[in-house]
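What follows is a single structure, written as structure tokens, with notes after it.
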Amino acid sequence: MHSSPSQPHLKAVLWDMDGTLVDTEPYWIAAERALVEAHGGSWSHQQAMQLVGQSLLHSAAVLQAAGVGLEARKIVDTLSAQVIEQIRKEVPWRPGARELLDELQQAGIRCALVTMSEGPLAGVVVESLPKPYFEFMVTGDTVANGKPHPEAYLTAVERLRLDDPSLTIHHCVALEDSVPGATAAIASGVITVGIPHQVPLPEDHRMVMWDTLVGRTSSDVQQLVVDRFQAANLLEGAN
């Protein structure tokens, strides 16, 4: 799968959800704070920021350390239920996300959701979209290793390859807003775009940085694939 790309053509975009597609982090933070305070503890903004993009079981362990006296599964279920309740009231779409989704669909580019949120929550978000943009979801409850491990992205690429064996990591672009998410995408080998939101992303030559998705088009994403193809050719020529 890590061989040189055969065609410089964008075939799929892999979307993170929380912070990239939807601005759900405030919902998560409010749920975390309520849970910690209900157990007699305190929850700072700094503590909350350390959980952005992490797997929910990792977050549950941090909340236990902060004084929440519940089993990890109960913590995850409690937080998810509160966030789902808020999303049912209002889906906080990130600027430019739905427009880019729509344009990618019109251009025939496949899209998949790769999120550490679990199936029920991701399903509520996806069902709120006007069209079935996402071919499938890889969620936190379907992988053994959460972000920053690359398993979720590698799983998505393998599923895409079921219908298109010619597809490789070089034909795929991931959109991420968090350090764990970007780390996972980079480690998988897919082209990675960082769109910082709640937390800053470090400068990394392996990642393209965009300030926002507003105004971004399928042509912009396609160009990233062409750029990697050209870079790979230059590297091959230098060797």
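Quick note on numbering: this note's numbering labels position 196 of the sequence shown as 185, and the sequence is numbered without any gaps. We treat Cβ as the ideally placed atom computed from N, Cα and C, and that holds for glycine.
- Counting the other Cβ atoms within 10 Å of the Cβ of H194 gives fewer than 16, which makes it exposed.
- Separation of S177 and L149 (C-alpha to C-alpha, rounded to the nearest whole angstrom) is 14 angstroms.
- In the pairwise beta carbon analysis, the stretch 23 to 30 is classified as touching the stretch 51 to 71: at least three pairs are separated by under 8 angstroms.
- Between the C-alpha atoms of A101 and A133 there is a straight-line separation of about 19 angstroms.
- Partner residues in the beta bridge of G183, as assigned by DSSP, are E165, M198.
- Here the stretch 134 to 148 makes no contact with the stretch 31 to 40; the two share fewer than three CB pairs at distances below 8 angstroms.
- Taken through DSSP and simplified to helix, strand or coil, D12 comes out as coil.
- Annotation for R99: the continuous beta strand (DSSP E) segment containing it runs 99 to 103.
- Ranked by how close their Cα comes to the Cα of T172, the residues G42, M126, H186, Q95 have G42 in first place.
- Nearest neighbour of E107 by Cα position, chosen from R62, R87, W82, A96, turns out to be R62.
- K78 is classed as exposed because its beta carbon has fewer than 16 other beta carbons within 10 Å across all chains shown.
- In this structure, I73 and P109 form a Cβ contact; the two beta carbons are roughly 7 angstroms apart against a cut-off of 8 angstroms.
- Per DSSP, reduced to three states, the secondary structure at L3 is strand.
- The Cβ atoms of L(-1) and V210 sit closer than 9 angstroms to each other.
- For L68, the CB contacts under 6 angstroms within the same chain, skipping 5 residues up- and downstream, are A20 in chain order.
- With fewer than 16 other beta carbons inside 10 angstroms of its own, H34 counts as exposed.
- For V114, the uninterrupted alpha helix (DSSP H) run begins and ends at 108 to 116, by DSSP.
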